[in-house]
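Residue numbers for the sequence shown follow this note's numbering, so the first one is 125 and each next one is one higher.
The beta-carbon is built from N, C-alpha and C at its ideal position, and this holds for glycine as well.
Quick notes on the structure that follows.
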Amino acid sequence: MKLDEVTISRAILSEQHKIMTEYLDIDCAVVGGGPSGITCAAILAQNGVKVALIEKKLSIGGGMWGGGMMFPRIVVQEEARRLLDHFGIKYTEYEKGYYVASSVEAVSKSLAAACDAGAEVFNLTTVEDVVVKEDGGVSGLVINWTAVEMAGLHIDPLTMRTKVTVDATGHDSMIAHMVRKKGGALEIKGEGFMWAERAETNILSHTKEVFPGLIVAGMAANAVGGETRMGPIFGGMLLSGEKAANMIIERLKK
Numbered sequence: 125m126k127l128d129e130v131t132i133s134r135a136i137l138s139e140q141h142k143i144m145t146e147y148l149d150i151d152c153a154v155v156g157g158g159p160s161g162i163t164c165a166a167i168l169a170q171n172g173v174k175v176a177l178i179e180k181k182l183s184i185g186g187g188m189w190g191g192g193m194m195f196p197r198i199v200v201q202e203e204a205r206r207l208l209d210h211f212g213i214k215y216t217e218y219e220k221g222y223y224v225a226s227s228v229e230a231v232s233k234s235l236a237a238a239c240d241a242g243a244e245v246f247n248l249t250t251v252e253d254v255v256v257k258e259d260g261g262v263s264g265l266v267i268n269w270t271a272v273e274m275a276g277l278h279i280d281p282l283t284m285r286t287k288v289t290v291d292a293t294g295h296d297s298m299i300a301h302m303v304r305k306k307g308g309a310l311e312i313k314g315e316g317f318m319w320a321e322r323a324e325t326n327i328l329s330h331t332k333e334v335f336p337g338l339i340v341a342g343m344a345a346n347a348v349g350g351e352t353r354m355g356p357i358f359g360g361m362l363l364s365g366e367k368a369a370n371m372i373i374e375r376l377k378k
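This is the structure:
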């Protein structure tokens, strides 16, 4: 087969232009492609929700790739084991209730499930602001290329309309901070010390709508709620992403 470089370029531009145009108006944007964000996007897409997963970095997966201190293994407790099964992630039982899985497999299979279900991933994309109008809630995101931000270029962004947004940006809780910085009534208590049991126990209570149109999930939920951190045990991340997805599914039914 004879290949033409311009045809290759046209194919990429044409197809991505269609996707970009289609996804400027969606049901949900999940910001942050870590374990909670991937889980949330996958479950939403599996339930027919039009969802975009937005990640500022080149690769999706957040901190899960590195496991614990660059040892590519993660631990998931009994309560979240069914989500490993849901995504077809293999694991072994180390001790009763402690399940060990490959961090690489966990990211790969959960992300593949999200893509297979129809979630659209926008990597290398930074959210630089939110849209808030008359009703006072988050109704969209202001997006730009990450490279623009890194280079310090003054390039105007584009806007994406959403019915609900999930802040799954991890420890930084970036979207929540944007809302608060612009005067939104959103209290951010800040992340506490390491205390895995407490962090994992309480993360679901912190996974909630913290500002109209904005739900926090994963480590962002604990950071906003003033909760402790948990380290390389990921059950709470998965369960938090699932809870956020279920909240959105119920909301969109109304």
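So, at 6 Å on beta carbons, what are the nonlocal neighbours of Lys109 in its own chain, with the 5 sequence-adjacent residues on each side left out?
Outside the modelled stretch of the chain, which goes from 125 to 378, sits residue 109, for which no answer is possible.
Tell me the rounded alpha-carbon separation between Ala135 and Tyr222.
47 Å
Would you grab the beta carbon distance between Thr163 and Leu362 for me? Rounded to a whole angstrom, and I think it's under 8 Å.
5 Å
If you measure between the beta carbons of Leu177 and Gly158, is that distance less than 8 Å?
Taking the C-beta atoms as reference points, Gly158 is found no nearer than 8 Å to Leu177.
Go ahead and label Glu129 buried or exposed: buried means 16 or more other beta carbons lie within 10 angstroms of its beta carbon, across all protein chains shown.
Exposed, since its Cβ has fewer than 16 Cβ neighbours within 10 Å.
By the three-class DSSP mapping on this structure, what secondary structure does Glu219 have?
strand
Report the start-end ranges of each beta strand (DSSP E) in the region 171-216 that is 3 residues or longer and not cut off at the edges.
Fully enclosed beta strand (DSSP E) runs of 3 or longer: 175-178, 197-201.
Leaving out five residues on either side along the sequence, give the residues of the same chain with a beta carbon under 7 Å from the beta carbon of Gly314.
Only Ala347, Gly350 meet the Cβ criterion.
Assess contact between the region 364-376 and the region 286-304, defined as three or more Cβ pairs (one per stretch) separated by less than 8 Å. Is contact present?
yes
Answer with buried or exposed for Thr131, where buried requires no fewer than 16 other C-beta atoms within 10 angstroms of its C-beta.
exposed
Please return the same chain residues whose Cβ sits closer than 7 Å to the Cβ of Val272, not counting the five positions on each side in sequence.
Ile279
In the DSSP assignment, what are the bridge partners of Ala225?
Ile198
Determine whether the Cβ of Leu148 lies closer than 8 Å to any Cβ atom of chain B.
Among the chains of the structure shown, chain B does not appear; only one protein chain is present.
Look at the alpha carbon of Glu217 and the alpha carbon of Leu265, and state the distance between them as a whole number of angstroms.
41 Å
Please name the residue, chosen from Lys142, Glu258, Ala153, that lies closest to Val340 on a Cα-to-Cα basis.
Ala153
Output needed for Leu248: all residues of its chain with C-beta closer than 8 Å, excluding positions within five of it in sequence on either side, in chain order.
Glu179, Lys180, Lys181, Leu182, Trp269, Thr270, Ala271
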